[in-house]
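For the sequence shown, position 412 matches number 449 in our numbering, and the numbering has no gaps at all.
Notes follow the structure.
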Amino acid sequence: MCLPTEDTIAAIASAVSPGEGGIAVIRISGKFSQKICKQIVYIPGNQVWSSHRVVYGHVIDQVTKKQIDEVLILIMESPRSFTREDVVEIHCHGGLISVHRIMEQILSQPNVRRAFPGEFSQRAVLNGRLDLTQAEAIDDLISAKSQKAADLALAGLNGHLNKEINLYREKLLDQLSEIEARIDFEEDLPPLNKEEVIANIVQIKDALQKLIRDARQGCYFRNGLKVTLIGLPNVGKSSILNLLSKQEKAIVTSIPGTTRDLLESEIILDGIPITLVDTAGIRNTNDEIEIVGIERSQKALLTSDIVILVFDLSVGWSKESEELSNQIPEHIPKLIVGNKADISVTSEIINPDIIFSALTGKGKNDLIQSLLSLCGVNKTHDIEIALNERQLDLVTSTANCLNKTLEVANQDLPWDFWTIDLREAIQRLGELTGHELSEALLDKIFSRFCIGK
Numbered sequence: 038m039c040l041p042t043e044d045t046i047a048a049i050a051s052a053v054s055p056g057e058g059g060i061a062v063i064r065i066s067g068k069f070s071q072k073i074c075k076q077i078v079y080i081p082g083n084q085v086w087s088s089h090r091v092v093y094g095h096v097i098d099q100v101t102k103k104q105i106d107e108v109l110i111l112i113m114e115s116p117r118s119f120t121r122e123d124v125v126e127i128h129c130h131g132g133l134i135s136v137h138r139i140m141e142q143i144l145s146q147p148n149v150r151r152a153f154p155g156e157f158s159q160r161a162v163l164n165g166r167l168d169l170t171q172a173e174a175i176d177d178l179i180s181a182k183s184q185k186a187a188d189l190a191l192a193g194l195n196g197h198l199n200k201e202i203n204l205y206r207e208k209l210l211d212q213l214s215e216i217e218a219r220i221d222f223e224e225d226l227p228p229l230n231k232e233e234v235i236a237n238i239v240q241i242k243d244a245l246q247k248l249i250r251d252a253r254q255g256c257y258f259r260n261g262l263k264v265t266l267i268g269l270p271n272v273g274k275s276s277i278l279n280l281l282s283k284q285e286k287a288i289v290t291s292i293p294g295t296t297r298d299l300l301e302s303e304i305i306l307d308g309i310p311i312t313l314v315d316t317a318g319i320r321n322t323n324d325e326i327e328i329v330g331i332e333r334s335q336k337a338l339l340t341s342d343i344v345i346l347v348f349d350l351s352v353g354w355s356k357e358s359e360e361l362s363n364q365i366p367e368h369i370p371k372l373i374v375g376n377k378a379d380i381s382v383t384s385e386i387i388n389p390d391i392i393f394s395a396l397t398g399k400g401k402n403d404l405i406q407s408l409l410s411l412c413g414v415n416k417t418h419d420i421e422i423a424l425n426e427r428q429l430d431l432v433t434s435t436a437n438c439l440n441k442t443l444e445v446a447n448q449d450l451p452w453d454f455w456t457i458d459l460r461e462a463i464q465r466l467g468e469l470t471g472h473e474l475s476e477a478l479l480d481k482i483f484s485r486f487c488i489g490k
């Protein structure tokens, strides 16, 4: 639903946890924000209460008249605020108790309610402070797991995507207006050059296709990769996880079946957040606990972005390893890693992608580069704009509309037929930036935001 903007809203804008924290921030936005704050805060001395100044005070319990906390208050009057409304931020001590007691005092006042998830950002969009792509970039920045992901989010926040999409939209609008003018006033205007119109549409379509290609790579920076280590028992999967994560995450012994459950480790490789998943060695067994672990291993295999199939070089490539390799779905990229290169190597092996030793670290760099190359991630460092899933869907839909327009052109149909898909393409780009807004669209986007944003 499109939330009413006349309400004054409040929420905790900083992370709150049971542990100790130095500072917490409570944000209030709306026409009653200053009045509400003045009702619950005692401001000593002759401090000036004015926009973009900080004042010192004490939050007072309105029932007991006892002090709750000492605070700093930042006032930002409309339109020079995040929401372009009057905004007050109360900076108090962190932790759970003080911040929630202050929120209780705020919500006990008339004309204020608790903000819904993303409502501050939604107001920023509705009031023209941000467009949709910038609001989404804020969410991406907050959830960024690597420096590269943060850089891409900042590019979106600075309006790079908005400027590029608006440029294409304006060009299509110009083209559509030229065509419609010829339809309505054919006798009064010179004819359009069909080949020139086609060239303009192709140019925009090609630019959108580049965005689509970049988005598929850029999603790795935003969402990361799930890489699952599988193999027979005691081939060194846990040792590889420990080596790559640079910590003793997994218990390593010479006893087959030591790992009985999934074990995850978060690492960053070349700016890509990667979740390494160590699995139970897959084999036939009567051990009920181990059977459960093997079933989980097989499920993890099916949800992986990449699978690393590990086998023991000192034993060789076995029939069981071949059967395990055949279980990997064709659409999931895989790397075959021959581990234990520090031990004598048998001749009865296939040619692995990587010769590896978890003991000495041999092959570690080759494994990392192969992981990145397998997804083309090592080619993405020139990416400056990355689309999220919603944006990618709209850009893809726009490119499809332009392809349909070009098909109409190839059939030599009248100008009227050209305008159908051109209009739809323009509408899709408008939905991307926020020129075309609907309640359903706003609800879908901002419902995933945190409450204080």
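All C-beta atoms in this analysis are idealised placements derived from N, C-alpha and C, irrespective of residue type, glycine included.
Nothing here was measured: the structure is a model prediction, and the numbers come from that model.
Note down the Cα distance separating residue i from residue j, rounded to an integer number of angstroms.
i: Leu459; j: Ser484; result: 31 Å
i: Glu232; j: Asp449; result: 11 Å
i: Leu339; j: Phe119; result: 43 Å
i: Gln171; j: Ile392; result: 45 Å
i: Lys441; j: Ser407; result: 39 Å
i: Thr295; j: Ala52; result: Model confidence at Thr295 stands at a pLDDT of 45, short of 50, so the residue's coordinates are unreliable; what they give is reported in the following sentence. Approximately 38 Å, taken between the alpha carbons.
i: Glu473; j: Ala190; result: 22 Å
i: Ile343; j: Ile311; result: 10 Å
i: Phe516; j: Ala244; result: Residue 516 lies beyond the residue range present for the chain, which begins at 38 and ends at 490; the question has no answer from this structure.
i: Val108; j: Ser180; result: 28 Å
i: Asp44; j: Ser183; result: 37 Å
i: Lys72; j: Asn195; result: 33 Å
i: Ile288; j: Lys185; result: The pLDDT assigned to Ile288 is 43, lower than 50, so where the model puts this residue is not dependable; a value taken from the coordinates is nonetheless given after this. The alpha-carbon atoms of Ile288 and Lys185 are separated by roughly 32 Å.
i: Leu411; j: Ile60; result: 44 Å
Answer yes or no: do residue i and residue j have a C-beta to C-beta separation smaller than 8 Å?
i: Val347; j: Asn376; result: yes
i: Arg206; j: Gly471; result: no
i: Ile46; j: Arg150; result: yes
i: Val125; j: Ile65; result: yes
i: Trp452; j: Ile216; result: yes
i: Val264; j: Ile345; result: yes
i: Ser145; j: Gln104; result: no
i: Asp307; j: Ile420; result: no
i: Ser341; j: Ile369; result: yes
i: Ile110; j: Val85; result: no
Take residue i and list the residues in its own chain whose beta-carbon comes closer than 7 Å to its own, dropping the five residues that flank it on each side.
i: Ser302; result: Leu278, Ser282, Lys286, Leu313
i: Thr435; result: Leu245, Ala462, Arg465, Leu466
i: Ile304; result: Leu281, Ser282, Ile311, Leu313
i: Thr433; result: Ile249
Could you pull the DSSP bridge partners for residue i from this structure?
i: Tyr79; result: His95
i: His130; result: Ile60
i: Ile65; result: Ala47, Val125
i: Leu109; result: Tyr93, His128
i: Gln104; result: Ile97
i: Ser302; result: Leu313
i: Asp349; result: Asn376
Closer than 6 Å by C-beta to residue i: which residues in its own chain qualify, once you throw out the five before and the five after it? Chain order, please.
i: Asp379; result: Ser394, Leu396, Thr397
i: Ile373; result: Leu346, Pro389, Asp390
i: Glu122; result: Ser66, Gly67, Ser115
i: Leu350; result: Gly375, Lys377, Ala378, Val382
Between residue i and the rest of its own chain, which residues show a CB-CB distance below 8 Å, the 5 nearest in sequence each way excluded?
i: Asp106; result: His95, Val96, Cys129, His130, Ser135, Arg138, Ile139
i: Glu173; result: Gly193, Asn425, Arg427, Gln428, Ile482
i: Asn237; result: Lys208, Gln212
i: Ile235; result: Leu443, Ala446
i: Ser358; result: Gly268, Leu269, Leu346, Phe348
i: Gly400; result: Val374, Ala378, Ile391, Ile392, Phe393, Ser394
i: Val78; result: Gly94, His95, Val96, Ile97, Val108, Ile110, Ile127
Counting only C-beta atoms, is residue i closer than 8 Å to chain E at any point?
i: Phe258; result: The structure shown contains no chain E, having only a single protein chain.
Report task. Run through the region 140-210 for me and flag every whole alpha helix (DSSP H) of 4 or more residues, listed as ranges in chain order. Result -> Those alpha helix (DSSP H) runs which fall completely within the region 140-210 and span 4+ residues are 156-163, 169-180, 184-194.
Report task. Counting only runs of 4+ residues fully inside the region 226-296, write out the alpha helix (DSSP H) ranges in chain order. Result -> Whole alpha helix (DSSP H) segments, 4+ residues: 231-260, 274-282.
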